[in-house]
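Peer 1: Per the numbering used here, residue 14 is the first one in the sequence shown, and the count goes up by one each step. Here you go, one structure.
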Amino acid sequence: MNRKSFFWPVLSEEEKRLRASDVDRGSSSNGSSSDAPAAPAMPSDENYYQSEMPNQTYTTSHEAVMPSALSSIPAAPSSPVMPSAETARGGRGYEDEVIHEGDALLVLENITRSYEQADNHLVVLDGADLTVRAGEMVALVAPSGAGKSTLLHIAGLLERPSAGEIYIAGHPQGNAPDRERTLMRRNEIGFVYQFHHLLAEFSALENVALPQLIHGEKVAEAQSRALELLRYMKVDHRASHRPSELSGGEQQRVAIARAMANAPRVLLADEPTGNLDPTTSDYVFRALNSLVKQSGIAALVATHNLFLAERMDRQITLVDGKIVEL
14 MNRKSFFWPV
24 LSEEEKRLRA
34 SDVDRGSSSN
44 GSSSDAPAAP
54 AMPSDENYYQ
64 SEMPNQTYTT
74 SHEAVMPSAL
84 SSIPAAPSSP
94 VMPSAETARG
104 GRGYEDEVIH
114 EGDALLVLEN
124 ITRSYEQADN
134 HLVVLDGADL
144 TVRAGEMVAL
154 VAPSGAGKST
164 LLHIAGLLER
174 PSAGEIYIAG
184 HPQGNAPDRE
194 RTLMRRNEIG
204 FVYQFHHLLA
214 EFSALENVAL
224 PQLIHGEKVA
234 EAQSRALELL
244 RYMKVDHRAS
254 HRPSELSGGE
264 QQRVAIARAM
274 ANAPRVLLAD
284 EPTGNLDPTT
294 SDYVFRALNS
304 LVKQSGIAAL
314 VATHNLFLAE
324 RMDRQITLVD
334 GKIVEL
């Protein structure tokens, strides 16, 4: 049975065949985990974590005290790997769904959004159309007041359009009941903001584990999955530290890991590097880009940083309420 993997990795046909044969061999050897397929490695051109991250020294007066439910942190392996297929999202209704590279995961069709302000009828979006596909990172570049936040809120099911339809992996959500939209937002959409919005009283690991616990995951699975994400973002060595003990770049990488906690299909980011210095901003962007490419999610990133926007797959803007390719 196909199951939704932790990161929705997009595999070639050959990789799928090899992985399937590895799984078959593993299942015929008394279920030994040693025969499980290896997780895909980070892309070779993204091995910049240790060499390009600014040298920083941290001193803390205490280690963050973790609640008893999250007190055990699994030991980190010698080298970071992508979370494996064994950390699949089983039991969530997606076992038979398979995402392929190029699939349209976020689609906005003829979106209109208007507001009534006193005697004025303000039209922010007017027939906006957008498609973001699996493994694609799209930059949304527009001046303040053009409607970027409104577009992200509608794409993230935080508000409804006045007209038009939103599809998340083919499922229409424009007129869906509130509960369905809430579940879709919780399960299939990740959010990253300019400010990290981490919970100050919890450690980095707890911040990433909590969305999974709210979703109903077992504590051990949530811990393991959270640490794998932190390891992938190269902040697992700070897993027990609270946000105030982390640098700005570390905080944002933890926020990205948290956004991926429930294995979403769509990632929406609003100025994710806006509060960072240029060096750290570049570092965080490359970590985010690597995550998008290897996981196969669809990412829409609002940014004023033209240098970073040019490095994404496409750039779009808003003109008179419509989406225009740059």
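Yeah, the Cβ is synthetic: ideal placement off N, Cα and C, and Gly gets one too. The structure displayed is predicted, hence computed values, not measured ones.
Per the contact definition of three or more C-beta pairs closer than 8 Å, is the segment 117-126 in contact with the segment 178-191?
Peer 2: Yes, they touch.
Peer 1: Let me know the secondary structure DSSP gives D326 once reduced to three states.
Peer 2: Here residue 326 refers to the residue found at position 313 when the sequence shown is read from its first residue. If DSSP states are grouped into helix, strand and coil, D326 belongs with coil.
Peer 1: Given this structure, state the Cα-to-Cα distance separating H254 from M246, to the nearest angstrom.
Peer 2: Walking along the sequence shown from the start, residue 254 turns up at place 241. Walking along the sequence shown from the start, residue 246 turns up at place 233. Roughly 15 Å separates the two Cα atoms.
Peer 1: Along the chain, which unbroken stretches of the alpha helix (DSSP H) at least 4 residues long are found entirely within the segment 236-316?
Peer 2: The qualifying runs are 261-272 and 291-308.
Peer 1: Report yes or no: do the segment 274-287 and the segment 197-212 share at least 3 C-beta pairs separated by less than 8 Å?
Peer 2: Because the criterion of three Cβ pairs below 8 Å is met, the segment 274-287 and the segment 197-212 touch.
Peer 1: Helix, strand or coil for Q228 per DSSP?
Peer 2: Numbered from its first residue, the sequence shown carries residue 228 at position 215. Sequence check: residue 228 is His here, not Gln. Residue state, collapsed to three classes: helix.
Peer 1: Taking all protein chains shown into account, decide if R192 is buried (16 or more other Cβ within 10 angstroms of its Cβ) or exposed.
Peer 2: Along the sequence shown, one-based indexing puts residue 192 at 179. That one is exposed.
Peer 1: Below 8 Å CB to CB, which residues in the same chain sit around R194 once its five sequence neighbours on both sides are set aside?
Peer 2: The residue you call residue 194 lines up with position 181 of the sequence shown. Contacts found: L170 and Q186.
Peer 1: Buried or exposed: where does I227 fall if 16 or more other Cβ atoms within 10 Å of its Cβ makes it buried?
Peer 2: Within the sequence shown, numbered from 1, the residue matching residue 227 stands at position 214. Per the 10 Å Cβ criterion, exposed.
Peer 1: Using CA atoms only, rank isn't needed, just tell me which of A235, S216, E214 and L211 is closest to A222.
Peer 2: Working through the sequence shown from its first residue, we reach residue 222 at position 209. Of A235, S216, E214 and L211, the residue nearest in Cα terms is A235.
Peer 1: For P291, which residues of its own chain have a beta-carbon under 8 Å away from its beta-carbon, when the five flanking residues on both sides are left out?
Peer 2: The residue given as residue 291 occupies position 278 in the sequence shown. There are no such residues.
Peer 1: Would you tell me roughly how many angstroms separate the C-alpha atoms of A282 and A131, rounded to the nearest one?
Peer 2: Mapped onto the sequence shown, residue 282 falls at position 269. Mapped onto the sequence shown, residue 131 falls at position 118. Rounded to whole angstroms, A282 to A131 spans 32 Å at the Cα level.
Peer 1: Could you check where the beta strand (DSSP E) with A141 kicks off and where it finishes?
Peer 2: For the purposes of this step, residue 141 is taken as residue 128 along the sequence shown, with counting starting at 1. First-last of the beta strand (DSSP E) with A141: N133 to R146.
Peer 1: According to DSSP, is L121 part of a helix, a strand, or is it coil?
Peer 2: What you label residue 121 is simply residue 108 of the sequence shown in a count that begins at 1. Strand.
Peer 1: From R146 to H113, what does the alpha carbon distance come to, in whole angstroms?
Peer 2: Within the sequence shown, residue 146 is the residue found at index 133, counting from 1. Within the sequence shown, residue 113 is the residue found at index 100, counting from 1. C-alpha separation (whole angstroms): 10 Å.
Peer 1: Does the Cβ-Cβ distance between A252 and A300 come in under 7 Å?
Peer 2: The count along the sequence shown starts at 1 and reaches residue 252 at position 239. The count along the sequence shown starts at 1 and reaches residue 300 at position 287. It is not a contact, given that the beta carbons lie outside the stated cut-off.
Peer 1: Since G177 and N123 should fall inside the 8 Å C-beta cutoff, what is the C-beta to C-beta distance between them, to a whole number of angstroms?
Peer 2: Here residue 177 is taken as the residue at index 164 of the sequence shown, counted from 1. Here residue 123 is taken as the residue at index 110 of the sequence shown, counted from 1. Rounded, the Cβ-Cβ distance is 4 Å, consistent with contact.
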